[in-house]
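Inspection log for the structure reproduced underneath, given as structure tokens.
There are 2 protein chains.
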Amino acid sequence: MQSATTNRQFRLAARPVGIPKRSDWELTSETVPEPRDGEVLVELLYLSLDPAMRGWMNEGRSYVPPVKIGEVMRALGAGRVVAGRHPGFSVGDEVTGTLGVQEYACADGRELTKVDASKVPLTAYLGALGMTGLTAYFGLLDVGAARAGETVAVSGAAGAVGMIAGQIAKIGGCRVIGIAGGAEKCRYVVEELKFDAAIDYKSANVTAALREHAPHGIDVYFDNVGGEILDAALANLARHARVVICGAISQYNSTTGMRGPSNYMSLLVTRSRMQGFLVFDYAERYGEAVRTLAGWMAEGRLVSREDVVSGFATFPEALLKLFRGDNTGKLVLQVHDA
Amino acid sequence: MQSATTNRQFRLAARPVGIPKRSDWELTSETVPEPRDGEVLVELLYLSLDPAMRGWMNEGRSYVPPVKIGEVMRALGAGRVVAGRHPGFSVGDEVTGTLGVQEYACADGRELTKVDASKVPLTAYLGALGMTGLTAYFGLLDVGAARAGETVAVSGAAGAVGMIAGQIAKIGGCRVIGIAGGAEKCRYVVEELKFDAAIDYKSANVTAALREHAPHGIDVYFDNVGGEILDAALANLARHARVVICGAISQYNSTTGMRGPSNYMSLLVTRSRMQGFLVFDYAERYGEAVRTLAGWMAEGRLVSREDVVSGFATFPEALLKLFRGDNTGKLVLQVHDA
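If you're matching them up, the sequences are chains A and B in order. Under numbering that gives the first Met the number 0, the letters of the first sequence match residues 0 to 337, in that order. Under numbering that gives the first Met the number 0, the letters of the second sequence match residues 0 to 337, in that order.
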């Protein structure tokens, strides 16, 4: 079996300008590495495709160092331990971690989280029970400080984080307005996820639609997209609102620089704050959050939806689905062809 | 005496496009009004000229209703009670309030604050001991939550609010970097106000200069100007920084729309917040703040500087000094020619 001896990897070949092209990647092969003492060998089953990956491809100061040219692309993933020299892990254990865009990864135990995929699919640990869910949880509840009775608006509402953020807001007793692209996504968030309303930014005037759906203003705006939609939300803030800056996917491939929110002085008029965060800062509370999220899933109150594409060699094209808004739910690449 | 019978007033004649023109104003005269029961007649001595006045001239939703066409322009002012039918005020009392751009105003007692100009000049009650000082105080200490040992950057550092905000930060044990336009203003804030450093935005690359003066980043950025300088500050935030949105004077006369801060995603990278505020929300704490500010002034630790121009008929031109950055300190219009 070829996959048992060969490890295919996607390495960054060039720093993209705008949308990443095939030529920005190099697909290489190496012999599957041998785990050293304290390491295990993980066979990757699913790769998490995240908007943040676009930022990691750029040069310059950010919250993590950029991926170097020639390096295996950074990615979260889920897989199975296939060989081990670590007392905490056995062959067959299912794990998640920052494992890279490759078929096999050696990792030491500190980098891995053991997960139980007996009751939920393994992919949920890249969705509602993974960094995606944790990002939504801490962003909405801690940074956004959403409280029962408040009006919450979420952009990228049919995307990985937005979908969870909106559901958590509903569980918490908020009125939730989702903003998403296209009628089908809007139908999904209202009918399946039970958001109170959805705005299709591709067909509606978002500023006017928010005014209609939130006549008293938005108390918490959870932003995944930036650009015009952020400005539309800023134009509709309630007093003492919280704008949670989780991402700005509309801007990541811009070749003319980021667009800043020209309505930011609404923060003054409404005495509001706009705050950024990184889920990593909440590492000490991951356990609490995952237990809570898993409890809601078990009770049927929280849906984790993964949009699974396959297989490994299509990684460059699969990643672009995020920027076209083609995915509904957490975009996951199945490493082995289905 | 003409001034005893005639009240000249500047009324808004048209909503300005860009820089307010003479023709946006109408200078009218009426008979000095008679105070009714519960009112006093105030002779205006000084008018406060504030960047916020530009916003009040625009149509549209804001934190106060726009000044209507034909209405006397809204302005803070300081003056003397010359006739009274209010038990709390005597002829000769010195007062401040939102008295309008006029020579005389009738006001009821709730709109007036009695002040003691025996130890500090009356104009200081439009500066460090007025809304200017209160804005700096609550903005820096409450919204910005500046703490001893932190690095604070202030734009409009030689302007009314910036000057006080920087001095309060120094009193609180912060390292303070001022950003101002021109060598003389920079000299003033360093030599006279004892800021640690000043950056002349007219000659320096502000982003690079902030990096040099704040190599570990800015903990609190107190913004009065918006535009490119806000972006320069965002590019230099420390982790968990607070950006205080007090004003955006560089943008108020824009005819092409506000420029949003294109570096706002720095809020995410540095886990920082950007927050707007209005001093009016702190009304219950004005007393505490004025006592503190007056105490610092009495101890010689806080300087109030007013840039006084005269007289009443030059109001339209005097106001524009703010937008050209011609003033150092609080711009005040002396109503009667000196």
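We put the CB at the ideal spot given by N, CA and C, even for glycine.
Given this structure, state the Cα-to-Cα distance separating residue 77 (chain A) from residue 87 (chain A), to the nearest angstrom.
Your numbering for residue 77 (chain A) matches position 78 in the first sequence. Your numbering for residue 87 (chain A) matches position 88 in the first sequence. Going by the C-alpha atoms only, they are around 17 Å apart.
Neighbourhood of residue 23 (chain A) by C-beta, 8 Å cutoff - its chain only, sequence neighbours within 5 removed
Stepping through the first sequence from its first residue, residue 23 (chain A) is reached at position 24. Excluding positions up to five away in sequence, the list reads 11, 12, 13, 14, 15, 56, 315.
Mark residue 117 (chain B) as exposed unless 16 or more other C-beta atoms lie within 10 angstroms of its C-beta, in which case mark it buried.
Translated into the one-based positions of the second sequence, residue 117 (chain B) becomes position 118. Counting Cβ neighbours within 10 Å, residue 117 (chain B) comes out exposed, since fewer than 16 surround it.
Using a Cβ-Cβ cut-off of less than 8 Å, list which residues of the region 150-166 of chain B approach chain A; keep chain order.
Per Cβ criterion, the list is empty.
Check whether the Cβ of residue 1 (chain A) lies closer than 8 Å to any Cβ atom in chain B.
Residue 1 (chain A) sits at position 2 when you count from the first residue of the first sequence. For residue 1 (chain A), the pLDDT reaches just 39, beneath the cut-off of 50, and the residue's location in the model is therefore unreliable, although a value from the coordinates is still provided. With 8 Å as the cut-off, residue 1 (chain A) does not count as an interface residue toward chain B.
Is there a Cβ of chain B sitting closer than 8 Å to that of residue 277 (chain A), yes or no?
Locating residue 277 (chain A) in the first sequence gives position 278, where the first residue counts as 1. Using a Cβ-Cβ cut-off of 8 Å, residue 277 (chain A) counts as an interface residue toward chain B, since at least one Cβ of chain B sits closer than that to its own.
Might you give, ordered along the chain, the residues of its own chain that have their beta carbon closer than 6 Å to the beta carbon of residue 0 (chain B), omitting 5 neighbours on each side?
For the purposes of this step, residue 0 (chain B) is identified with residue 1 of the second sequence, where counting begins at 1. Because residue 0 (chain B) sits at a pLDDT of 37, beneath the cut-off of 50, its placement in the model cannot be relied upon, and the point is left open.
Hey, how far is the Cα of residue 294 (chain B) from the Cα of residue 18 (chain A)?
On the second sequence, position 295 is the one that residue 294 (chain B) refers to. On the first sequence, position 19 is the one that residue 18 (chain A) refers to. Approximately 59 Å between the Cα atoms of the pair.
Sorted by chain position, which residues of the same chain lie with C-beta nearer than 8 Å to residue 304 (chain B)'s C-beta, five sequence neighbours on each side aside?
Along the second sequence, one-based indexing puts residue 304 (chain B) at 305. Listed in chain order, the non-local C-beta contacts of residue 304 (chain B) below 8 Å within the same chain comprise 126, 162, 327, 328, 329, local neighbours out to five positions each way being set aside.
Could you check whether residue 66 (chain A) and residue 95 (chain A) sit closer than 8 Å to each other, using their CB atoms as the reference points?
The count along the first sequence starts at 1 and reaches residue 95 (chain A) at position 96. The count along the first sequence starts at 1 and reaches residue 66 (chain A) at position 67. No, Cβ-Cβ distance for residue 95 (chain A) and residue 66 (chain A) is not below 8 Å.
Whole-angstrom distance between residue 309 (chain A) and residue 335 (chain A), CA atom to CA atom
As a first step, residue 335 (chain A) is located in the first sequence; it is residue number 336 there, counting from the start. As a first step, residue 309 (chain A) is located in the first sequence; it is residue number 310 there, counting from the start. A direct Cα-Cα distance of roughly 7 Å separates residue 335 (chain A) from residue 309 (chain A).
Excluding the 5 residues preceding and the 5 following residue 175 (chain B) in the sequence, name in chain order all residues of the same chain whose CB lies nearer than 6 Å to its CB.
Position 176 of the second sequence, counting from 1, holds the residue named residue 175 (chain B). Here the set comprises 151, 165, 168, 169, 194, 195.
Between the CA atoms of residue 244 (chain B) and residue 184 (chain B) - distance to the nearest angstrom:
If you number the second sequence from 1, residue 184 (chain B) lands on position 185. If you number the second sequence from 1, residue 244 (chain B) lands on position 245. Computed Cα separation, rounded: 22 Å.
If we count the other Cβ atoms within 10 Å of its Cβ and call it buried at 16 or more, is residue 159 (chain B) buried or exposed?
Here residue 159 (chain B) corresponds to residue number 160 of the second sequence, with the count starting at 1. Buried, since its Cβ has 16 or more Cβ neighbours within 10 Å.
Go to residue 239 (chain A), then tell me how far its beta strand (DSSP E) extends in each direction, as first and last residue.
In the first sequence, counting from the first residue as 1, residue 239 (chain A) sits at position 240. 236-244 is the extent of the beta strand (DSSP E) around residue 239 (chain A).
By a C-beta neighbour count over all protein chains shown, 10 Å radius and 16 as the cutoff for buried, is residue 284 (chain A) buried or exposed?
By one-based count along the first sequence, residue 284 (chain A) stands at place 285. By the neighbour-count rule (16 or more Cβ atoms within 10 Å), residue 284 (chain A) is not buried but exposed.
Counting only the same chain and skipping the five closest in sequence on each side, list residues whose C-beta sits under 7 Å from that of residue 250 (chain A).
The residue you call residue 250 (chain A) lines up with position 251 of the first sequence. The answer, listed in chain order, is 225, 226, 257, 258.
Give a yes or no on whether 8 Å exceeds the smallest Cβ distance from residue 17 (chain A) to chain B.
Taking the first sequence and counting its residues from 1, the one referred to as residue 17 (chain A) is at position 18. Chain B, which has no Cβ nearer than 8 Å to the Cβ of residue 17 (chain A), makes this no.
Check distances from the C-beta atoms of the region 274-300 of chain A to those of chain C and list, in chain order, the residues that come in under 8 Å.
Considering every chain present, this structure includes no chain C. Its protein chains are A and B.
Rounded to whole angstroms, what's the CA-CA distance from residue 311 (chain A) to residue 131 (chain A)? Just pull it up for me.
For the purposes of this step, residue 311 (chain A) is identified with residue 312 of the first sequence, where counting begins at 1. For the purposes of this step, residue 131 (chain A) is identified with residue 132 of the first sequence, where counting begins at 1. Cα to Cα, the separation comes out at about 21 Å.
Is there a Cβ from chain A that is less than 8 Å from the Cβ of residue 50 (chain B)?
For the purposes of this step, residue 50 (chain B) is taken as residue 51 along the second sequence, with counting starting at 1. For residue 50 (chain B), the answer is no, since every Cβ of chain A falls outside 8 Å of its Cβ.
Should the region 232-247 of chain B be called in touch with the region 268-281 of chain B, which here means at least 3 C-beta pairs below 8 Å?
The answer is yes - the region 268-281 of chain B touches the region 232-247 of chain B, with three or more Cβ pairs under 8 Å.
Counting pairs of beta carbons, one from the region 196-213 of chain A and one from the region 133-146 of chain A, are three or more of them closer than 8 Å?
Judged by Cβ distances under 8 Å, the region 196-213 of chain A makes no contact with the region 133-146 of chain A, as fewer than three pairs qualify.
Assuming the contact rule is C-beta atoms closer than 8 Å, residue 8 (chain B) and residue 30 (chain B) should be a hit. Round their C-beta distance to whole Å, please.
Looking up residue 8 (chain B) in the second sequence gives position 9. Looking up residue 30 (chain B) in the second sequence gives position 31. For residue 8 (chain B) against residue 30 (chain B), the beta-carbon gap comes to about 11 Å, at or over 8 Å, which does not count as contact.
Helix, strand or coil for residue 308 (chain B)? Go by DSSP, reduced to three states.
Indexing the second sequence from 1 puts residue 308 (chain B) at position 309. Secondary structure at residue 308 (chain B): strand, using DSSP grouped into helix, strand and coil.
Could you have a look at residue 2 (chain B) and say whether DSSP puts it in helix, strand or coil?
Position 3 of the second sequence, counting from 1, holds the residue named residue 2 (chain B). Because residue 2 (chain B) sits at a pLDDT of 47, beneath the cut-off of 50, its placement in the model cannot be relied upon, and the following sentence gives the value as read from the coordinates. If DSSP states are grouped into helix, strand and coil, residue 2 (chain B) belongs with the helices.
Nearest by alpha-carbon distance to residue 33 (chain B): which of B:148, B:73, B:85 is it?
Residue 33 (chain B) sits at position 34 when you count from the first residue of the second sequence. The shortest C-alpha separation from residue 33 (chain B) is found at B:85.
With distances taken between CB atoms, is the gap from residue 218 (chain B) to residue 229 (chain B) smaller than 8 Å?
Locating residue 218 (chain B) in the second sequence gives position 219, where the first residue counts as 1. Locating residue 229 (chain B) in the second sequence gives position 230, where the first residue counts as 1. No, they are not a contact pair.
Chain B beta carbons: is any one of them nearer than 8 Å to that of residue 256 (chain A)?
Walking along the first sequence from the start, residue 256 (chain A) turns up at place 257. At least one chain B Cβ lies under 8 Å of residue 256 (chain A).
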